[in-house]
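Notes follow the structure.
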Amino acid sequence: MTRPALVLHGGAGARRSENYDREIANMRAVVEAMAARLADGASALDVTVEAVVLLEDSGLYVAGRGASPNLDGRYELDASLMDGATQKAGAVAALQGFRNPIRAARAVMEKTPHVMLAGQGAADFARDQRLEAVDDPEAWFTRAGQGDDNHPPGTLAHGTVGCVVLDAQGRLAAATSTAGVFGKMPGRVGDTPIPAAGTWADDHAAVSCTGQGEYFIRTAAAAQTAWRVAANQPLAPAARAVIDRIGAMGGDGGLIALDRHGNRADPFNSQGMKRAWLDVSGEIGVEVFG
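In the working numbering, the protein residues as written are 1 to 290.
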């Protein structure tokens with residue numbers, strides 16, 4: 001048996017001028033709940049989805065309930081997940097009208113022959129799967145990203161949650177969800193719903209990214225991290241090299257990663273990145289800066 005481990009994030013782009021006490025308390029509570037699930041033998045895939053659902057529903061992050069509208073006033077949500085044991089993946093992009101895009105992504109993986117559904121097709125599928133709809137968007141969404149002066153309308157936006165897990169059977173999984181911030185262009189899709197760019201899991205590592213997604217797409221950031229590990233580079237320098245490359249290109253953000261031994265990496269080049277973890281010793285930690 002393997003000692004389980006978990007890392008989650010609530011997005012890069014944290015600023016030292018802001019107070020994140022609510023997010024810190026929420027992330028710790030999510031890790032504690034998922035630690036109990038892992039102790040009961042839950043699978044890595046189940047735990048990644050459950051953790052991301054809790055983060056989506058909190059309304060504290062720019063994902064799920066925390067979404068802000070795009071320039072057309074519509075709420076478009078993206079998510080993806082990947083099962084390292086099988087390398088199956090599922091994703092939705094520009095999904096409107098539903099509460100938990102990560103649940104829709106899992107349904108795509110398990111109920112269709114496809115990896116990604118987008119736009120109206122994703123919404124029609126989510127409705128067919130009887131996923132929970134949002135009937136009154138203005139009442140439901142908290143607009144956690146509105147007023148973020150880090151990224152005004154027309155620029156590249158931060159706003160993501162994610163989770164990577166190693167379970168007691170040695171299986172890895174990753175999941176990521178986002179909504180973008182206020183003022184994004186209609187139809188904009190970043191790295192979050194794209195396996196290899198924003199999410200990746202295989203036998204070597206599980207990775208979830210956060211930041212300016214266009215740069216993570218251009219570097220295949222999540223998969224590149226895992227492939228470096230597969231080529232016998234230790235996890236921490238592998239992850240750091242990917243973020244350094246993104247920084248050299250002019251982008252910012254971060255990622256979380258676990259390898260099959262339970263080693264953790266969480267590099268970022270923004271001021272901060274909201275993150276929490278359960279390590280193989282059973283210790284739980286939460287950090288935003290540092």
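For every residue, glycine included, the Cβ atom is placed at its ideal position computed from N, Cα and C.
Exercise. Mind checking Arg22: buried by the 16 CB within 10 Å criterion, or exposed?
Worked result: exposed
Exercise. In three-state DSSP terms, what is Asp135?
Worked result: coil
Exercise. Excluding the five sequence neighbours on either side, which residues of its own chain have a C-beta within less than 6 angstroms of the C-beta of Lys88, listed in chain order?
Worked result: Met109
Exercise. According to DSSP, is Pro195 helix, strand or coil?
Worked result: strand
Problem set entry | Residues that Lys88 bridges to, as DSSP identifies them | Asp83
For this session: Please list, in chain order, all residues of the same chain as Tyr75 whose beta carbon is under 7 angstroms from its beta carbon, the five residues on each side excluded.
Result: Ala67, Pro69, Gln96, Pro137, Phe141, Ala179
For this session: For Leu8, I'd like the list of residues in its chain whose CB is within less than 6 angstroms of its CB, leaving aside the five on either flank, ordered along the chain.
Result: Ala51, Cys163, Ala276
Exercise. Where does Gly211 land, buried or exposed, given buried means 16+ other C-beta within 10 angstroms?
Worked result: buried
Problem set entry | Which listed residue (Glu32, His204, Ala5, Asp128) has its alpha carbon closest to that of Ala226 | His204
For this session: Report the option in Lys274, Gly170, Gln271 whose CA atom is closest to the CA atom of Asn263.
Result: Gly170
For this session: Evaluate Glu283 with the Cβ neighbour count: other Cβ atoms within 10 Å of its Cβ, from every protein chain shown; 16 or more gives buried, anything less gives exposed.
Result: exposed
Exercise. Between which two residues does the beta strand (DSSP E) harbouring Asp60 extend?
Worked result: It is Leu, not Asp, that sits at residue 60 in the sequence shown. Note, Leu60: premise wrong, no beta strand (DSSP E); not H, not E.
Exercise. To which residues does DSSP link Thr112 through a beta bridge?
Worked result: Paired residue(s): none; Thr112 is not in a bridge.
Exercise. Taking the C-alpha atoms as reference points, what is the distance between Ile194 and Ser17?
Worked result: 32 angstroms
Exercise. Beta carbon of Thr2, beta carbon of Leu258: below 9 angstroms?
Worked result: no
For this session: Just confirm the distance between the C-beta atoms of Asp291 and Val189, as a whole number of angstroms; I'd bet it's less than 8 angstroms.
Result: A query on residue 291 cannot be resolved here, the shown segment of the chain reaching from 1 to 290 and no further.
Exercise. Alpha carbon to alpha carbon, how far is Ala238 from Arg245?
Worked result: 11 angstroms
Exercise. Between Leu117 and Ala123, what straight-line distance do the alpha-carbon atoms span, to the nearest angstrom?
Worked result: 9 angstroms
For this session: For the alpha helix (DSSP H) containing Asp244, list its first residue and its last residue.
Result: 235-248
For this session: Would you decide whether Gly254 is buried or exposed? Buried here means 16 or more other CB atoms lie within 10 Å of its CB.
Result: buried
Exercise. Alpha carbon to alpha carbon, how far is Arg27 from Tyr61?
Worked result: Going by the sequence as given, residue 27 is Met instead of Arg. Looking at the two C-alpha atoms, the distance is approximately 11 angstroms.
Exercise. Does the beta-carbon of Gly11 have 16 or more other beta-carbons within 10 angstroms, so that it is buried, or is it exposed?
Worked result: buried
Exercise. Val92 to His114, Cα distance in whole Å?
Worked result: 11 angstroms
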